[in-house]
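Residue numbers (our numbering): 7 to 196. To keep things clear, I will list the structure first and then write my remarks on it.
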């Protein structure tokens, strides 16, 4: 008697859907400095560093790390505008004083990785994506401080529409570390 549906939209769209009771729970990237809309609650699930993915034959592939300012003239492969992940990347470049030269955009991070692997540009991507099997890339750490993506679980404060959704939420909340009690959950490939 339980139906599970999966929908992929930008976080802002999904938060509106939560408030309109079209969704019960949302897993999403969070934009830097974003305010949580009224009536919603949120729990940090994890943060992870972003890396620069380049094709193995790219001149930068010989390096182990890179600064965002080093990417000033590189063609960039980016995630679609308006998404929280793109907001994170744009924020990182803005803080570095760099206007990225975006040449390709996609709504799928695996496609972003594949385009970088083909040598069509460089891409900022989650470290976990760079370590997954797939199109070959060389992942460079970002120095001095890598930008991070933040992933959170969000729900309505009055989650009463579904006992199954409430049980799922309770299960997830029971399984994650509270940053106040210890370190922030992180994804590390090691």
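Note that beta-carbon positions come from the ideal geometry of N, C-alpha and C, so glycine has one too.
Going by beta carbons, residue 153 and residue 56 fall inside the 8 Å limit.
Its chain contains 31, 161, 165 as the residues whose beta carbon lies nearer than 7 Å to that of residue 175, once the 5 sequence neighbours on both sides are disregarded; these appear in chain order. For residue 28, the secondary structure class from DSSP, reduced to helix, strand or coil, is coil.
Secondary-structure assignment with DSSP links residue 50 through a beta bridge to 158. The closest CA to that of residue 74, considering only 33, 96, 26, 85, is found on 96. In the same chain as residue 133, and ignoring 5 residues on each side of it, the C-beta atoms closer than 6 Å to its own belong to 54, 55, 57, in chain order. Per DSSP, residue 117 is one residue of the alpha helix (DSSP H) stretching across 115–123. Counting C-beta atoms within 10 angstroms of its own C-beta, residue 130 has 16 or more neighbours from the protein chains shown and is therefore classed as buried.
Distance between residue 42 and residue 63, taken at the CA atoms: about 42 Å.
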